[in-house]
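Engineer: For reference, the structure I am asking about is given below.
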Amino acid sequence: MAGLNGEDLQHDGEEIAFVEKELRHISALIKQSGREILDNYPITPPQFVALQWLLEHGDMTIGDLSNKMYLAFSTTTDLVDRMEKNRLVKRVRDDQDRRVVRIHLLEDGERIIQEVIEKRQKDLQAVLSDFSAEEVVLLSGMLSKLHAGMKEGRKRRMELKNTQR
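Counting from -12, one number per residue, gives the positions in the sequence shown under this note's numbering.
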């Protein structure tokens, strides 16, 4: 196995393939665990994602939510319609511009998200109980660095894509 500095990883295709595969498998396990938790709540996985965005970023337009979720505007509208019917969110007019409608997270939506996230964190805590405190700190730092790098890479790809149009 190569060291963890950038040069070694850039040149070690096998190590990159291993990391990608592990991340894919971890992602699938997290998704499956999350769906099992959601089975106890009256929301679907896409609704959970939408509610998370609203909890983290506050009121959003359907367009903003569509972009965050990488969904078509019409799909997001249907999603919001169902959540509004279930009293998880409501549409509110923007105070500054009455033409703008924002999606607002209601108390039931927030409560469900908080409960689900708490259960997911307890699951993760159980897994991480086998890690030392130093390993958890190291993992947190590496995940933050990976996340930042992936966001930056996506930003560059989008900029390149936009300049090629």
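Just so you know, even glycine gets a beta-carbon here, dropped at the ideal spot from N, CA and C. None of these values were measured; they are calculated from a predicted model.
Based on Cα-Cα distance, which residue from 12, 24 and 5 lies nearest to residue 110?
Structural biologist: Looking up residue 110 in the sequence shown gives position 123. When each option's Cα is compared against that of residue 110, the closest is 24.
Engineer: So, helix, strand or coil for residue 80, using DSSP?
Structural biologist: The sequence position of residue 80 within the sequence shown is 93, counting from 1. Residue 80 falls in the strand class under three-state DSSP.
Engineer: Are the beta-carbon atoms of residue 99 and residue 39 separated by less than 8 Å?
Structural biologist: Counted from its first residue, the sequence shown places residue 99 at position 112. Counted from its first residue, the sequence shown places residue 39 at position 52. No, they are not a contact pair.
Engineer: If I follow the unbroken alpha helix (DSSP H) through residue 85, where does it start and stop?
Structural biologist: Translated into positions along the sequence shown, residue 85 becomes position 98. Taken as a continuous stretch (DSSP letters only), residue 85 belongs to no alpha helix (DSSP H), as it is neither H nor E.
Engineer: What span of residues does the alpha helix (DSSP H) with residue 173 cover, start to end?
Structural biologist: Any property of residue 173 remains undetermined from this structure, which presents the chain solely from -12 to 152.
Engineer: So, using beta-carbon positions, are residue 90 and residue 52 closer together than 8 Å?
Structural biologist: Residue numbering aside, residue 90 sits at position 103 when the sequence shown is read from its first letter. Residue numbering aside, residue 52 sits at position 65 when the sequence shown is read from its first letter. Contact flag set, yes.
Engineer: Can you list, in chain order, the residues of its chain with a C-beta nearer than 8 Å to that of residue 67? Leave out the 5 residues immediately preceding and following it.
Structural biologist: Here residue 67 refers to the residue found at position 80 of the sequence shown. Excluding sequence neighbours, residue 67 sits near 37, 49, 52, 76, 78 and 90.
Engineer: Round the Cβ separation of residue 92 and residue 41 to the nearest angstrom and send it over; I've been treating them as touching at under 8 Å.
Structural biologist: If you number the sequence shown from 1, residue 92 lands on position 105. If you number the sequence shown from 1, residue 41 lands on position 54. Indeed, because the Cβ distance is near 4 Å, the residues count as touching under 8 Å.
Engineer: Please name the residue or residues paired with residue 90 in a DSSP beta bridge.
Structural biologist: What you label residue 90 is simply residue 103 of the sequence shown in a count that begins at 1. Answer is 47 and 78, bridged to residue 90.
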